[in-house]
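A.B. asks: So the protein lines, in turn, are chains A and B.
Numbers 1 to 116, taken from our numbering, label the letters of the first sequence in order.
Numbers 1001 to 1113, taken from our numbering, label the letters of the second sequence in order.
The beta carbon of each residue, even a glycine, is placed where N, CA and C say it ideally should be.
Note that the coordinates shown come from a computational prediction; the quantities given were computed from them, not determined experimentally.
This is the structure I have questions about; it appears just below.
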Amino acid sequence: DGGITQSPKYLFRKEGQNVTLSCEQNLNHDAMYWYRQDPGQGLRLIYYSQIVNDFQKGDIAEGYSVSREKKESFPLTVTSAQKNPTAFYLCASSTGALGGYYNEQFFGPGTRLTVL
Amino acid sequence: AQRVTQPEKLLSVFKGAPVELKCNYSYSGSPELFWYVQYSRQRLQLLLRHISRESIKGFTADLNKGETSFHLKKPFAQEEDSAMYYCALSGPLIIQGAQKLVFGQGTRLTINP
C-alpha cells in the first residue's frame, strides 16, 4: 500500500520542542495537504500546497509551518506555539483539478503525536 | 461559512438491514459533496462523490439541495461495511488548484451479525 508515506508512525514531544512530521508521495501529484484529526471533530485542514514552492494556510494553521521544496515532499513542523498539539496527523495528495472536477485525495497512514 | 454535520457519532444496525448515514451541510454556493470511509487498519479513502452519481459497494448518496443533505444509503448492510464514514464538502472548482475539503465529525458504523 505505497503511494503516500508518513513517518514516524508515533512521535513523542516534550513541551516547548518543535517537531517535524514527514510526508512523501510517489504518485506525481501536484497538490498536497495536512489534516489534523481529533476525536469527535473529524479532520481539519492545517495547510495545503497546490504546487512546489507554494502553500496556503488552512483552517487551523496557527502553530504549524510547512515547506514544499520538492514535489514529492511536504513536511509539517509542529512548533512550540501550537497550544494543543496532541493529535493524529494525516497527509494527503491529489492531482488537483483535472477533467472539470476535483480528483480524489489519497491519504497516508498518519502520525500520532503525543506531547508529554 | 462551510460546515458539514453528521449528527450520529455511532450507528449500529443488523446485517441485512437498511443503512442510512446522515450528512447535512451549510454552504452558500454549489458544493461538491463526498463520502470518505476508513476501514479498520486501513487508510482513509474515497467512497463516492455526488457528481459521479454512481453506486459503490452498494452505497448511494443523493444530493438534496433543498434540504442541504447528502445522506449515504445502502439497502442491505453487510458486515464488511463496518467502518468510520466521513462526509466532506468542497467549494467551487479551482482549475488546476488544490481542493479544500471540509469534513464532518464522522459516523462509526457497526454491522451486527
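When the Cα of Leu11 of chain A is compared with those of A:Pro85, A:Leu43, A:Arg44 and A:Gln105, which residue comes out closest?
C.D. replies: The shortest Cα separation from Leu11 of chain A among A:Pro85, A:Leu43, A:Arg44 and A:Gln105 belongs to A:Pro85.
A.B. asks: Quick one: what's Arg36 of chain A bridged to in DSSP?
C.D. replies: Paired residue(s): A:Arg44 and A:Tyr89.
A.B. asks: Rounded C-beta distance between Phe1059 of chain B and Leu1048 of chain B? I'm assuming under 8 Å.
C.D. replies: That pair is a contact at about 6 Å.
A.B. asks: How about Leu1089 of chain B and Gln1002 of chain B: are their beta carbons less than 8 Å apart?
C.D. replies: In this structure, Gln1002 of chain B lies closer than 8 Å to Leu1089 of chain B by Cβ.
A.B. asks: Assuming Ser65 of chain A contacts Thr79 of chain A (C-beta within less than 8 Å), just tell me the rounded distance between them.
C.D. replies: 6 Å between Cβ atoms; contact.
A.B. asks: Does the separation of the CB atoms of Gly58 of chain A and Gln82 of chain A fall below 8 Å?
C.D. replies: The answer is no: Cβ separation not under 8 Å.
A.B. asks: How long is the line joining the alpha carbons of Ser1012 of chain B and Pro1113 of chain B, rounded to whole angstroms?
C.D. replies: Cα to Cα, Ser1012 of chain B sits roughly 11 Å from Pro1113 of chain B.
A.B. asks: Excluding the 5 residues flanking Met1084 of chain B on each side, which residues of the same chain have their C-beta closer than 6 Å to its C-beta?
C.D. replies: If we look at Met1084 of chain B and ignore the five residues flanking it on each side, its Cβ neighbours are Gln1038, Gly1106 and Arg1108.
A.B. asks: Taking Gly1116 of chain B and Gly1104 of chain B to be in contact with their CB atoms under 8 Å, please state how far apart those CB atoms are, rounded to whole angstroms.
C.D. replies: No information on residue 1116 of chain B is available, as it lies outside the stretch 1001 to 1113 that chain B covers here.
A.B. asks: So which of B:Lys1100, B:Val1102, B:Ser1069 and B:Ile1056 has the shortest CA-CA distance to Asp1081 of chain B?
C.D. replies: Checked all of B:Lys1100, B:Val1102, B:Ser1069 and B:Ile1056; the closest Cα to Asp1081 of chain B is B:Ile1056.
A.B. asks: Of all Cβ atoms in chain A, is any one closer than 8 Å to the Cβ of Ser1082 of chain B?
C.D. replies: Answer no: the Cβ-Cβ gap between Ser1082 of chain B and chain A never drops below 8 Å.
A.B. asks: Can you list, in chain order, the residues of its chain whose CB lies under 8 Å from that of Glu979 of chain B, leaving out five sequence neighbours each side?
C.D. replies: Beyond the ends of chain B as shown, which are 1001 and 1113, falls residue 979 of chain B; an answer cannot be given.
A.B. asks: In terms of residues, what are the limits of the beta strand (DSSP E) holding Thr95 of chain A?
C.D. replies: Looking at the DSSP string, Thr95 of chain A is not in any beta strand (DSSP E), and its letter there is neither H nor E.
A.B. asks: With H, G and I counted as helix, E and B as strand and the rest as coil, what does DSSP make of Glu1067 of chain B?
C.D. replies: Glu1067 of chain B falls in the coil class under three-state DSSP.
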